[in-house]
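Chains as they are written, first to last, in my numbering: chain A, 6 to 500; chain B, 12 to 243. Every residue gets a Cβ at the ideal spot worked out from N, C-alpha and C, and that includes glycine. Worksheet: one structure, shown below.
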Amino acid sequence: MLQLIKLEFKSFFRSSALGGKLATKIFMWIGYIYIIFMTIALAFIHGSGGAAFIKQEGDVENPFLLLNSNMLFYIFGFWIVLRYFSQSTPVINIRPLLLLRIKRDKIIRFSLNKTIFSFFNLVSILYLFIFSLTIYSNDKFDLNQLIIWNLSMYLILYITNFLNIYINKKDSIAISLGAILAIIYALDFFQIFSFNPISELIFYTFYDIKLFIFIPLAILVFTYFQVINFFKNNFFIDTGLRKKVMEAKQDNLEFLNRFGEMSTFLRNDFRLIKRSKRAKTTALMSMLFIFYGLIFLGTRDLMGDTMLFFGYLFSTGGFIFSFCALVPSWDSQHYSFMMCQNIKYVDYIKSKWYLGSFGVIAATLIAVPIYGYFGSYHVIAVLCCGLFNLGVNSYLTLWAGAFTKVKIDLNSFKNAMGNSKAFNSKTLLLTMPQMVLPLLVYWLVSKFFGHTIGCISVGVIGLLGILFKDVVLSIIIKTYKVEKYSTLSAYKETN
Amino acid sequence: MIYIKNITKTYNKETVLEIDYLEIKPGQTFGLVGNNGAGKTTLFSTILDLIKPTTGEVLNNKINVRKSEDWKSFTSAFLDESFLISYLMPEEYFYFVGELRNFSKNEVDEFLKQFEDLFNDEILGGKKYIRDLSKGNQKKVGIVAALIGNPKVVVLDEPFANLDPTTQIRLKKIIKNLSQKDDVTVLVSSHDLQDVTEVSDRIVLLEKGMIIKDIKKTQKTLKDLETYFNKG
């Protein structure tokens, strides 16, 4: 056991998070510290009845009841769906150990127990703990009952933890869970049906009746042994651990032919999104950004119109900010091949621009009816944000891509958000003007001439960008040519 | 065809490649041998403009590879797995390469017919993506793709490694044919002295980035090379 722990420590301290470049390292740790800080802050604000709950305005009378009534949603949204996308199964690293003289049970239990201490779980516990501490110091709660409630929530947290390992790699389950989540949220948002009273009833009972804790305890024990059994039975060098071989399917992408020479590359990019789990996850996640505007729509009175505009920029540009931010990293595995082929570098980059524009147009088309529901004010804003993303942000992202130099291993199981190397100081700096410039223009113009003119002036900048596409791309390509060799050598590095 | 002048490559004061002059004639099959770290892959990468040399220049058919992209239209290569697109099916990959080299789907299909025995029914028409093929089959896909579209220069790094004996023999035939029938300049590197002497008409021995021997192949070549590597 000690040997295994030692290995674990080595893999941690030699990982790219710690061993990477200084800037990357700093950003990583800033990221961690930021999340921890935000968790503590949120837990404190929520616990003391602050107005940080999205839908609530003013102070909350009983934060504990409010949390309980939202608990069902949180468990679904954060502990199950978000975890599925962000936490990878622990089984991946054990392949080389299987042939050594260690009992199989020991490896399985070790790799499962390891997940108990994952950052995700610790942050969730931290939140619940700080929250409980805050409400205890403010209100009259029974200490024992509160402890029992806490423990029950921790048990449920770990049920979802082991459940995640069990359902891992079964996309259909995760997608259906995500769909359920969306439906619950939609029913609640449009005030058709609220699950909150049910949720409140269930989770308050854990506080009310102490014996209730045995239910999650029993389920947890059951899940734990179920997962252990599952791995025991599926745990040989060529089963279970072996990467799943997807059956190859021919596809018909003829509709892309109308893009002429670009279609050759676009076809590959569409296949990438269809066939690589990592690319698919990123593309799907980027579509979730479409709903980002809803947050600012809900808090419009608090945050103001400029922030709503910010939300729409994200709604229409999600694909660019997440998927295209990793161009050309998606091609990192065969970048040297691309560089030797009979293609002009410019055409290659141009095809990526077309890909990005597909994403923006699709997002805009979906966003217009959603936000159009709230009036034409929003339609203009969404359309102009789409134009700006298409005509300015797409180029900036591509330009930033020349500096990204992050290798993406398409065949590994690392989940989309689990890849810490995606942090890059240069890329981060470049997202600033992407947001600041349009917001500044909108804010200034709308201050004097009103919302519509403000939107249109941002849209016109985007339109200009689209018109001068070839000029802009020829400037971008110069950077790519300079960075080519160091990009190639960065892609050669193995982790 | 290929003309190398004063090429050096230095990483942190350590010189890994140092070639004053090397000329490869059109239609020549050029074999590169040397131990691990001798600079074989570095030399090939420099020719393909994948590595920027510290000094010197490479001319491919009189085109400076760093100044223009025109050499790409008649040059093809397979260095390693990074030349494969893992999420494509072999056919899709061949069609993709074909499209880049102005070969229609039908022309590619026609071209692939001659490799039927090489593929041994394991590559075409299967239901696998390239990432799920075995290492040997991946290599076959990469090498065949490098031959699509009548290239004038073909660069192959370690083409024989990882292949089964039958395929090795077939591949040697293909390489010999390339230079004899089609007048293609072929650059091959290998650890296996026998393989490389069999296919090449000229052999260059690299050590620590420098050319130690540059010989025209004769009956004695294999013996000479074996003696050389044996001494150290």
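Margin query: Can you tell me whether tyrosine 353 of chain A is helix, strand or coil according to DSSP?
Written below: helix
Item checked: Between the CA atoms of isoleucine 295 of chain A and isoleucine 371 of chain A - distance to the nearest angstrom -> 8 angstroms
Notebook entry, point to check: Once you ignore the five residues that flank phenylalanine 319 of chain A on each side, which residues in its own chain have a CB closer than 6 angstroms to its CB?
Noted result: Phe294, Tyr297
Item checked: Beta-carbon proximity of tryptophan 84 of chain A to serine 129 of chain A, cut-off 8 angstroms -> yes
Note to self: Is it buried or exposed, glycine 455 of chain A, if we count other Cβ atoms within 10 angstroms and call 16 or more buried?
What the structure shows: exposed
Check: If phenylalanine 315 of chain A and leucine 444 of chain A are in contact, beta carbons under 8 angstroms, what's the gap, nearest whole angstrom?
Finding: 6 angstroms
Check: Which first and last residues belong to the beta strand (DSSP E) in which phenylalanine 89 of chain B is found?
Finding: 86–89
Next item on the list: Label arginine 34 of chain A either buried or exposed according to how many other C-beta atoms from any shown protein chain fall within 10 Å of its C-beta, with 16 as the threshold for buried.
Entry: A small fix is needed here, since residue 34 of chain A is tryptophan in this sequence, not arginine. Exposed is the call here.
Notebook entry, point to check: Going by beta carbon distance, what residues of the same chain come within less than 7 angstroms of methionine 312 of chain A, once the five residues before and after it are set aside?
Noted result: Phe301
Next item on the list: Sort A:Met43, A:Leu307, A:Phe69, A:Arg280 by Cα distance to serine 53 of chain A and report the nearest one.
Entry: A:Phe69
Checklist line | Residues near isoleucine 175 of chain B by beta carbon distance below 7 angstroms, same chain, minus five either side | finding: The residue asked about is misnamed: residue 175 of chain B is aspartate in this sequence, not isoleucine. So the list reads Gly147, once near-sequence residues are dropped.
Check: Quick one: is leucine 123 of chain B near chain A, going by C-beta distance under 8 angstroms?
Finding: no
Next item on the list: Report yes if the CB atom of isoleucine 154 of chain B is closer than 8 angstroms to the CB atom of valine 119 of chain B, and no otherwise.
Entry: no
Note to self: Do cysteine 460 of chain A and cysteine 389 of chain A have their beta-carbon atoms positioned less than 8 angstroms apart in this structure?
What the structure shows: yes
Check: Under the three-state reduction of DSSP, which class applies to asparagine 73 of chain A: helix, strand or coil?
Finding: helix
Next item on the list: On a CA-only basis, which of B:Gly45, B:Lys150, B:Gln191 is nearest aspartate 225 of chain B? Give me that one, please.
Entry: B:Gly45
Note to self: If the cut-off is 7 angstroms on Cβ atoms, which residues from the region 267–296 of chain A count as contacting chain B, listed in chain order?
What the structure shows: Thr269, Asn273, Arg276, Leu277, Arg280, Ser281
Check: Of all Cβ atoms in chain A, is any one closer than 8 angstroms to the Cβ of asparagine 23 of chain B?
Finding: no
Note to self: Residues of chain B with CB closer than 7 angstroms to the CB of glutamate 252 of chain A, please, in chain order.
What the structure shows: Lys138
Note to self: tyrosine 350 of chain A and isoleucine 482 of chain A - do their beta-carbons sit closer together than 8 angstroms?
What the structure shows: yes
Next item on the list: Would you give the residue range spanned by the beta strand (DSSP E) that leucine 43 of chain B belongs to?
Entry: 40–44
Next item on the list: Check whether the region 384–398 of chain A touches the region 332–351 of chain A, counting contact only when three or more Cβ pairs, one atom from each stretch, lie closer than 8 angstroms.
Entry: no
Check: Are aspartate 143 of chain B and glutamine 179 of chain B close, meaning C-beta to C-beta below 8 angstroms?
Finding: no
Check: Using the C-alpha atoms, what's the distance from glutamate 102 of chain B back to leucine 105 of chain A?
Finding: 40 angstroms
Check: Does the region 190–207 of chain B come close enough to the region 52–64 of chain B that 3 or more CB-CB pairs lie under 8 angstroms?
Finding: yes
Notebook entry, point to check: Using a C-beta cutoff of 8 angstroms, does phenylalanine 107 of chain B count as contacting chain A?
Noted result: yes
Checklist line | Near-chain B residues of the region 343–357 of chain A (beta-carbon distance less than 8 angstroms), N- to C-terminal order | finding: Met344, Cys345, Gln346, Asn347, Ile348, Lys349, Tyr350
Notebook entry, point to check: Given glycine 470 of chain A, which residues of its chain have a CB within under 6 angstroms of its CB, disregarding the five upstream and five downstream residues?
Noted result: Gly396, Val397
Margin query: Let me check one thing: in DSSP terms, what residues is threonine 196 of chain B bridge-paired to?
Written below: B:Val164
Notebook entry, point to check: Which class does threonine 26 of chain B belong to by DSSP, given the choice of helix, strand or coil?
Noted result: strand
Notebook entry, point to check: Does the beta carbon of glutamine 230 of chain B sit closer than 8 angstroms to a beta carbon anywhere in chain A?
Noted result: no
Next item on the list: Round the Cβ separation of valine 514 of chain A and tyrosine 171 of chain A to the nearest angstrom and send it over; I've been treating them as touching at under 8 angstroms.
Entry: With chain A covering only 6 through 500, there is no way to say anything about residue 514 of chain A.
Item checked: Cβ contact check for the region 181–198 of chain A and the region 67–81 of chain A: 3 or more pairs under 8 angstroms -> yes
Note to self: Quick check: the Cα distance between phenylalanine 275 of chain A and glutamate 205 of chain A, rounded to an integer number of angstroms?
What the structure shows: 44 angstroms
Item checked: serine 341 of chain A at chain B interface by Cβ criterion, 8 angstroms -> yes
Notebook entry, point to check: Along the chain, which unbroken stretches of the beta strand (DSSP E) at least 3 residues long are found entirely within the region 110–167 of chain A?
Noted result: none
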